[in-house]
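Student: Numbering (our numbering), first residue to last: 886 to 1376. Glycine residues also receive a C-beta, built at the ideal position from the N, C-alpha and C atoms.
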């Protein structure tokens, strides 16, 4: 072969490689939503009191789907399963949003297995399953004994879990099959007038206005038509506008927001909860049922953030997962910490226990509660910004959320989505300060005073695998918990 011919061949091959790289970097996306409302008569998860609980608990009342909880009586609005698949050429990932109190590994695996049998191609460790944390979604689908015996979920009914899994699998498959050329963008804003910190009335470390005001939005549009494919949004709020007297299924306040987004701009709206362990909607936000005022405010905020961002047809996405062994539970329940009782009580029991430091320390295996949570991290490099999506396997309080955000800054990420109630449900994660103060959230922090540090470490290890590279001199300075944004939320 002559020199000129060799050069020509090399140029052609190089051109082909460049075309392949360019094509691989173009984005594809698809979304789907499926009505996953379970049969009327199944329990409604979320509360351990009121009309949800059998009259003489713990005396059971057996029905087709319930044991310790009363059957649901109707549907206020559907409980949805929604899926978003994004393909960046070298990486394909999937977000699944569920109108459930939480997600767990058994439901995630069963759903993924059913989807894979129907042609779904994305590995399980690149799919996130996130519960919206509505307190009016279905119960009785969780197999772990420790979750079943709480009156918030009820005993496991396998057919209900199977129904949910089939709906989830259908959404996943439909989302992947609908892949089309897409453009995406990421942006953040603040929302401070719809939530309160419910520990603010008794904890010296927070006030009612100590919230996480961050609203993260992932915008996904068709690059052919410019129309929305999906809007994924992230905010910290409990789904508790409907209380324990509500006996009908509902996606609650976040469902109102999703419905408004979808009816106004189109596409599929996926809500991903954040560090909402101690964050509830305020009274004004829950006014105006069934179209809760706070839901409309959240929707308008999300749509405003969505509008004011730059989208791109190319992006780099990387993914990682890390499984953490939490070990057996270490509840360390005390009357002082869990009942705020340090003196008096029947037979002066609180005074005695305060003196001798008595505690109830329940230990259990994986049948009791999940011990091997999967932490998944997605990194989006788009428009010069490095954004982290990091999963949290339960209910992080706002202080832990800020610590995880600060950790991600120290790893070189510009922004962070806290993907709470995802992949597993290990209940609450209170920080050492709040654990010592006690209260409901501390009572359900099941691995002792270091629980939050374990969860923080799991998030950090998953994120570190895909963190931006930089020298020690370039490493950002970690922000303290008293973040300027948090101060703004307090004012």
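What residues match up with residue 1005 in a beta bridge as DSSP calls it?
Tutor: DSSP, once it has assigned bridges, lists no residue as partnering residue 1005.
Student: At a cut of 8 Å, does the region 1096-1107 reach the region 1057-1077 through at least three beta carbon pairs?
Tutor: A contact exists between the region 1096-1107 and the region 1057-1077.
Student: Can you tell which of 1196, 1258, 1173 has its C-alpha closest to the C-alpha of residue 1213?
Tutor: Residue 1258 is the option with its Cα nearest to residue 1213.
Student: On a CA-only basis, which of 1088, 1136, 1297 is nearest residue 1354? Give me that one, please.
Tutor: The shortest C-alpha separation from residue 1354 is found at 1297.
Student: Any idea which residues DSSP pairs residue 1271 with across the strands?
Tutor: Answer is 1266, bridged to residue 1271.
Student: Could you name each continuous alpha helix (DSSP H) segment of 4 residues or more that falls completely within the region 989-1074, going from the start of the chain to the end?
Tutor: Complete alpha helix (DSSP H) runs here, min 4: 990-1002, 1030-1033, 1043-1062.
Student: What does residue 1081 pair with, by DSSP beta-bridge criteria?
Tutor: Note: residue 1081 sits in a beta bridge opposite 1165.
Student: Going by other Cβ atoms of all chains shown within 10 Å of its Cβ, with 16 needed for buried, is residue 940 buried or exposed?
Tutor: With fewer than 16 Cβ atoms within 10 Å of its Cβ, residue 940 is classed as exposed.
Student: Suppose the cutoff is 7 Å on Cβ atoms and the five residues either side in sequence are ignored; what does the same chain contact list for residue 1151 look like?
Tutor: Cβ neighbours of residue 1151 beyond the five flanking positions: 1112, 1113.
Student: Suppose contacts are defined by Cβ-Cβ distances below 8 Å. Is residue 1038 in contact with residue 1115 by that definition?
Tutor: Going by C-beta atoms, residue 1038 is not nearer than 8 Å to residue 1115.
Student: Find the nearest neighbour of residue 860 within the set 1002, 1045, 1013, judged by alpha-carbon distance.
Tutor: The question about residue 860 has no answer, for the chain in this structure spans 886 to 1376.
Student: Only counting the same chain, and skipping five residues up and downstream in sequence, which positions put a Cβ closer than 7 Å to that of residue 952?
Tutor: 945, 1039, 1040.
Student: Any contact between the region 1171-1187 and the region 1294-1314? By contact I mean 3 or more CB pairs, one from each, below 8 Å.
Tutor: Result no; under three Cβ-Cβ pairs closer than 8 Å.
Student: Quick one: what's got a C-beta closer than 8 Å to residue 958's C-beta in the same chain, skipping five residues either side?
Tutor: Excluding positions up to five away in sequence, the list reads 925, 1132, 1133.
Student: Name the two residues that bound the continuous alpha helix (DSSP H) containing residue 1181.
Tutor: Counting along the chain, the alpha helix (DSSP H) containing residue 1181 begins and ends at 1178-1192.
Student: On a CA-only basis, which of 1084, 1253, 1122, 1064 is nearest residue 1320? Give me that one, please.
Tutor: For residue 1320, the nearest C-alpha among the options comes from 1084.
Student: According to the Cβ coordinates, are residue 935 and residue 1168 closer than 8 Å?
Tutor: No, they are not a contact pair.
Student: With DSSP as the reference, please indicate the residues paired to residue 1335 in a beta bridge.
Tutor: Paired residue(s): none; residue 1335 is not in a bridge.
Student: Strictly by DSSP, which residues pair up with residue 918?
Tutor: In the DSSP output, where bridge partners are listed per residue, residue 918 has 967.
Student: Let me know the secondary structure DSSP gives residue 1277 once reduced to three states.
Tutor: Coil.
Student: Smallest Cα separation from residue 1160: which of 1143, 1014, 1352, 1313?
Tutor: For the residues 1143, 1014, 1352, 1313, the minimum Cα distance to residue 1160 belongs to 1313.
Student: So what does DSSP say about residue 1126, is it helix, strand or coil?
Tutor: The answer is coil: DSSP assigns residue 1126 none of H, G, I, E or B.
Student: Assign residue 1087 to one of two classes, buried (16 or more other C-beta atoms within 10 Å of its C-beta) or exposed (fewer than that).
Tutor: Exposed.
Student: Which first and last residues belong to the alpha helix (DSSP H) in which residue 1290 is found?
Tutor: Element bounds for residue 1290: 1283-1295.
Student: Take the Cβ of residue 1291 as the centre, count every other Cβ of all protein chains shown within 10 Å, and call the residue buried at 16 or more, exposed below.
Tutor: The residue is buried, with at least 16 neighbouring Cβ atoms inside 10 Å.
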